[in-house]
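Down below is the structure, laid out as structure tokens.
Numbering (my numbering), first residue to last: 11 to 444.
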């Protein structure tokens, strides 16, 4: 039988050295370098294309190719334009291209740089098979199972509390618990062993919502570790204690200590409005939350931390009617921004009919005369162009709305914090009753 011909030795690929001009260094190294290697090209040097400081620069010795990445407008700077004649004089290819993948590959092929190697195949790594979950060694008490089945809250008698923490030392579970101010005080004193920073404003907002009966019940609540120490929900405990109101809330017992790393991690989570949309089905979640945050900015201008999901839900629940109405306003030129929607939603609770009439006047601009608050508001909004200060725009709309409610003569809108105090008193904010 004829002997099989020996396979030819793989052809050695001789890499051409290129001067690469333009593009950010990180982009060149992460994206362009691997693609060049597939076409038999390696980077000798990379220059940022800075037309402000350099009009020309000599191509380095050893360069066998020049690749120029034009800017986003397809233009080459003076530095880039000077390289073409240099490359021609040296007798080396000069490739002027863009960062778009299709253009980049086409230009390389046009200059004869065929693809000589291929990307390494993606190797699928099998996922580890999870070990079978064993049944919990400690069963939940019968009265807990009955409460879970009925969906009724558990009252914290001394016997119940002891049993819940005992079971929590062996397994993790979540139940609905009726937490009184006395329970909150006891847990804060005995079980909060690693004090974390407490945002007093958030506590005040939650306590106010508890007093008004407007707390929005969610899957989030209070959590304790296997050793009984508090891991999450410290703000809710303080709010229950400060409000003097008994609250039904989910409490998790037996959470692993490692969960603290996840709860307190700085990994950027999904945006709050995206979570709202997923959990509530609210298709206008982003606009609704943006308007609600304007209210938060009006009432608490010094509050810098980003709101949690619960904070956002509490805020939206408080001003739900006003936010629902503000999102129905169709004129994008006048009402298309969060500061306008948020300020009107904030004012809406005070006198819905009068606020709606004010918005109609601003919207249509009919029969408006100088001195009318709606005229002043419309003028201020028409002048608020570009990225105007969000709080300033909201304050102007709110001040004009206050003027409308009080039948003031208002040639122009003057910035004033007094309007926030006016509506805040009506709403019972900061402990002030209407």
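Even glycine gets a Cβ: it sits at the ideal position worked out from N, Cα and C.
Exposure label - residue i; buried when at least 16 CB within 10 Å
| i | result |
| --- | --- |
| residue 254 | exposed |
| residue 32 | buried |
| residue 24 | exposed |
| residue 432 | buried |
| residue 353 | buried |
| residue 124 | exposed |
| residue 412 | buried |
| residue 328 | buried |
For residue j and residue i, the rounded distance between their alpha carbons
| i | j | result |
| --- | --- | --- |
| residue 427 | residue 309 | 10 Å |
| residue 305 | residue 421 | 26 Å |
| residue 425 | residue 223 | 34 Å |
| residue 326 | residue 167 | 34 Å |
| residue 430 | residue 405 | 8 Å |
| residue 347 | residue 373 | 14 Å |
| residue 336 | residue 232 | 34 Å |
| residue 351 | residue 393 | 17 Å |
| residue 39 | residue 75 | 17 Å |
| residue 377 | residue 362 | 22 Å |
| residue 42 | residue 194 | 58 Å |
| residue 402 | residue 369 | 18 Å |
| residue 208 | residue 114 | 53 Å |
| residue 311 | residue 215 | 14 Å |
| residue 307 | residue 198 | 29 Å |
| residue 247 | residue 157 | 22 Å |
| residue 149 | residue 172 | 15 Å |
| residue 211 | residue 47 | 56 Å |
| residue 391 | residue 37 | 42 Å |
| residue 108 | residue 98 | 20 Å |
| residue 418 | residue 366 | 17 Å |
| residue 34 | residue 57 | 9 Å |
| residue 296 | residue 321 | 15 Å |
| residue 423 | residue 371 | 16 Å |
| residue 303 | residue 66 | 51 Å |
| residue 174 | residue 180 | 10 Å |
| residue 91 | residue 375 | 55 Å |
| residue 338 | residue 240 | 43 Å |
| residue 44 | residue 116 | 16 Å |
| residue 165 | residue 225 | 19 Å |
| residue 153 | residue 234 | 20 Å |
Spatially closest choice to residue i from the options, by CA coordinates
| i | options | result |
| --- | --- | --- |
| residue 170 | 349, 368, 188, 77 | 188 |
| residue 323 | 77, 26, 220, 256 | 220 |
| residue 196 | 216, 230, 228, 238 | 238 |
| residue 251 | 98, 190, 200, 243 | 190 |
| residue 380 | 389, 266, 297 | 389 |
| residue 229 | 264, 198, 99, 184 | 184 |
| residue 176 | 165, 186, 42, 151 | 151 |
| residue 265 | 242, 403, 214, 401 | 242 |
| residue 159 | 103, 186, 391, 180 | 186 |
| residue 49 | 122, 34, 417, 67 | 122 |
| residue 96 | 369, 108, 418, 71 | 71 |
| residue 100 | 258, 57, 68 | 68 |
| residue 357 | 56, 180, 331, 419 | 331 |
| residue 102 | 44, 37, 66, 73 | 73 |
| residue 256 | 45, 192, 339, 371 | 192 |
| residue 163 | 66, 417, 240, 259 | 259 |
Residue i vs residue j beta-carbon contact at 8 Å
| i | j | result |
| --- | --- | --- |
| residue 382 | residue 415 | no |
| residue 118 | residue 105 | yes |
| residue 29 | residue 54 | yes |
| residue 51 | residue 80 | no |
| residue 155 | residue 262 | no |
| residue 384 | residue 407 | no |
| residue 298 | residue 333 | yes |
| residue 249 | residue 200 | no |
| residue 355 | residue 301 | yes |
| residue 202 | residue 245 | no |
| residue 400 | residue 349 | yes |
| residue 236 | residue 161 | no |
* Asked: Quick one: complete beta strand (DSSP E) runs, 3+ long, within the region 181 to 225?
  -> Every beta strand (DSSP E) of 3 residues or more that sits fully in the region 181 to 225 is shown, in chain order, as 183 to 189.
* Could you name each continuous alpha helix (DSSP H) segment of 4 residues or more that falls completely within the region 332 to 413, going from the start of the chain to the end? => For the region 332 to 413, whole alpha helix (DSSP H) runs of length 4 or above, ordered along the chain, are 342 to 345, 348 to 358, 362 to 374, 383 to 393.
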